[in-house]
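Worksheet: the structure to be examined is printed underneath.
Residue numbers (this note's numbering): 50 to 176.
This is the structure we're talking about:
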């Protein structure tokens, strides 16, 4: 079975038994929520739909996005991400991982963001 691993440089800090999830965060300056839906595959993480509540500094609404229920929804064609690299610092706040309608901050599995460990990677891995 394939699941989601969280860690850095191939070292697993946590693994989650799931096949899809939403990665969510608030823009550090504009405080606008972003969400990206991913499917976990053997090739990596496959980005599905993405949503953003608005635009601002460095966050333009992509061409072809449609406004629906207060969010701009769009799709980007990317190859599978293996790994997906994320910056994670106390100043920026934490990401949330959402699955089956429940969202948890990454701190739930990894502890709070820290200046000593300012990044995390997500990748598909066998459980």
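Note that the Cβ used here is the ideal one computed from N, Cα and C, for glycine as well. Owing to the predicted nature of the structure, the values given are computational and were not obtained by experimental measurement.
Open item on the list: Alpha carbons only, please: which of 172, 64, 89 is nearest the one belonging to residue 132?
Closed with: Nearest C-alpha to residue 132: 172.
Task: Nearest to residue 169 (by Cα), restricted to the options 101, 56, 162 - done: Taking only the C-alpha atoms, the option nearest residue 169 is 56.
Task: C-alpha distance - residue 100 paired with residue 148, whole-angstrom precision - done: Taken atom to atom, the span from the alpha-carbon of residue 100 to that of residue 148 is near 16 Å.
Task: Local conformation of residue 76 per DSSP, three classes - done: Note: residue 76 maps to coil in three-state DSSP.
Task: Span of the alpha helix (DSSP H), counted from its first residue to its last, around residue 159 - done: For residue 159, the enclosing alpha helix (DSSP H) has its first and last residue at 156-159.
- [ ] Use the C-beta contact count for residue 145: other C-beta atoms within 10 angstroms, 16 or more gives buried, fewer gives exposed.
- [x] With a threshold of 16 other beta carbon atoms within 10 Å, residue 145 meets it and is buried.
Task: Beta-bridge pairing of residue 71 - partner residues as DSSP gives them - done: For residue 71, which the question treats as bridged, DSSP gives the partners 86, 147.
- [ ] Use the C-beta contact count for residue 157: other C-beta atoms within 10 angstroms, 16 or more gives buried, fewer gives exposed.
- [x] Exposed is the call here.
- [ ] Using beta-carbon positions only, say whether residue 88 and residue 95 come within less than 7 Å of one another.
- [x] Yes, they are a contact pair.
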